[in-house]
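*Asks:* Those protein sequence lines, which keep their order, are chains A and B. So my numbering is basically just the index in the first sequence, starting at one, shifted up by 17. So my numbering is basically just the index in the second sequence, starting at one, shifted up by 717.
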Amino acid sequence: AQSVTQPDIHITVSEGASLELRCNYSYGATPYLFWYVQSPGQGLQLLLKYFSGDTLVQGIKGFEAEFKRSQSSFNLRKPSVHWSDAAEYFCAVGHSGGYQKVTFGTGTKLQVIP
Amino acid sequence: DTEVTQTPKHLVMGMTNKKSLKCEQHMGHRAMYWYKQKAKKPPELMFVYSYEKLSINESVPSRFSPECPNSSLLNLHLHALQPEDSALYLCASSPFQGDYGYTFGSGTRLTVV
Chain A
18 AQSVTQPDIH ITVSEGASLE LRCNYSYGAT PYLFWYVQSP GQGLQLLLKY FSGDTLVQGI
78 KGFEAEFKRS QSSFNLRKPS VHWSDAAEYF CAVGHSGGYQ KVTFGTGTKL QVIP
Chain B
718 DTEVTQTPKH LVMGMTNKKS LKCEQHMGHR AMYWYKQKAK KPPELMFVYS YEKLSINESV
778 PSRFSPECPN SSLLNLHLHA LQPEDSALYL CASSPFQGDY GYTFGSGTRL TVV
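Rendered as structure tokens:
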């Protein structure tokens, strides 16, 4: 079954520093992969998505992610973090075939310190 | 209009009450979803509607009853809930069921007392 794993529960970075959030997927074929962000008490917002093609995907708010099939990874990056980026980040995989739904990873909480 | 609107934002209900959550979108999306999210956990899928028909029910207890009266509206009727049902209930939509770029509402924070 398709699944994603986010190994980091909590990450703290300084404002202005670079960021990388890890996501590993388990899927036989090329997966549909996503990153969502959730601010406290809010809904989720789609940052970016990967279906096929170029393995480096650009998203909103200056985020990007790179699909690496050899490492079964889809890590999220940002070159310079802003205090407003503090939130929960979810990696997700879309199931193909007849059972079309999205499964979310357990999330990584990002704390940004001055 | 690129939003999914959920009402109410907060709801407190007793275990014998009947209440409903409402979700509305005007983006022309034909797939709509209900998710349940407990604190510090990822969202868990409850129901999927595709073209106003129930497509997926993730073995949700019958005290939760979804309804999709038209392509813009999605309701979740609640009856005889338990305290453990307290959670953030999120609605989402997408152009069609296989398009996973969801637009989420801000959710209804439900507390069952």
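Cβ coordinates follow ideal geometry from the N, Cα and C atoms, glycine included.
Along the chain, which unbroken stretches of the beta strand (DSSP E) at least 3 residues long are found entirely within the region 741-806 of chain B?
*Replies:* The region 741-806 of chain B contains these whole beta strand (DSSP E) runs: 748-754, 761-767, 770-774, 781-787 and 790-796.
*Asks:* Per the DSSP calculation, A/Trp52 is bridged to which residue(s)?
*Replies:* For A/Trp52, which the question treats as bridged, DSSP gives the partners A/Leu65 and A/Cys108.
*Asks:* Counting only C-beta atoms, is A/Leu93 closer than 9 angstroms to chain B at any point?
*Replies:* Output row for A/Leu93: interface = no.
*Asks:* Which chain A residues sit within Cβ distance under 9 angstroms of B/Ser823?
*Replies:* What B/Ser823 touches in chain A: Gly58, Gln59 and Gly60.
*Asks:* What number of angstroms, rounded off, separates the C-alpha of B/Gly745 from the C-alpha of A/Pro131?
*Replies:* Each residue's Cα considered, the two are about 42 angstroms apart.
*Asks:* Which residue from B/Gln723, B/Thr733, B/Leu738 and B/Tyr806 puts its Cα closest to that of B/Met763?
*Replies:* Measuring from the Cα of B/Met763, the nearest candidate turns out to be B/Tyr806.
*Asks:* For B/Lys739, collect the residues of the same chain with a Cβ closer than 6 angstroms to its Cβ; drop the 5 residues on either side in sequence, then sort them by chain order.
*Replies:* Closer than 6 angstroms at the Cβ level, and outside the excluded window around B/Lys739, lie Thr724 and Asn792.
*Asks:* Look up B/Arg826 in the DSSP assignment and say whether it is helix, strand or coil.
*Replies:* Correct three-state label for B/Arg826: strand.
*Asks:* Would you mind giving the Cβ-Cβ distance between A/Gly60 and B/Phe781, rounded to the nearest angstrom? I have them listed as a contact below 8 angstroms.
*Replies:* About 19 angstroms; that fails the 8 angstroms criterion.
*Asks:* Count the other C-beta atoms from every protein chain shown that fall within 10 angstroms of the C-beta of B/Tyr768, then say buried if there are 16 or more, exposed otherwise.
*Replies:* Per the 10 Å Cβ criterion, exposed.
*Asks:* Using beta carbons (cut-off 9 angstroms, strictly below), is A/Leu73 in contact with chain B?
*Replies:* No, A/Leu73 lies away from the interface with chain B (no Cβ there is under 9 angstroms from its Cβ).
*Asks:* Alpha carbon to alpha carbon, what distance is there between A/Pro48 and A/Thr72?
*Replies:* When rounded, the distance between both Cα atoms is 12 angstroms.
*Asks:* Rounded to whole angstroms, what's the CA-CA distance from A/Thr22 to B/Ser737? Just pull it up for me.
*Replies:* When rounded, the distance between both Cα atoms is 34 angstroms.
*Asks:* In the DSSP assignment, the beta strand (DSSP E) including A/Glu32 goes from what residue to what residue?
*Replies:* Taken as a continuous stretch (DSSP letters only), A/Glu32 belongs to no beta strand (DSSP E), as it is neither H nor E.
*Asks:* Anything in chain B within Cβ reach of A/Leu127, meaning under 9 angstroms, just list it in chain order.
*Replies:* Per Cβ cutoff of 9 angstroms: no residues; A/Leu127 is ~14 angstroms from chain B at best.
*Asks:* What are the residues that DSSP puts in a beta bridge with A/His99?
*Replies:* Per DSSP, none; premise fails for A/His99.
*Asks:* I think B/Leu795 touches B/Lys753, with their Cβ atoms under 8 angstroms apart; what is that distance to the nearest whole Å?
*Replies:* About 12 angstroms; that fails the 8 angstroms criterion.
*Asks:* Quick one, which of A/Thr120, A/Lys85, A/Pro96 and A/Ser56 has its alpha-carbon nearest A/Ala104's?
*Replies:* Comparing Cα-Cα distances from A/Ala104 to each of A/Thr120, A/Lys85, A/Pro96 and A/Ser56, the minimum goes to A/Ser56.
*Asks:* Just mark A/Ala34 as buried or exposed, buried being the case when its beta carbon has 16 or more other beta carbons within 10 Å.
*Replies:* It counts as exposed.
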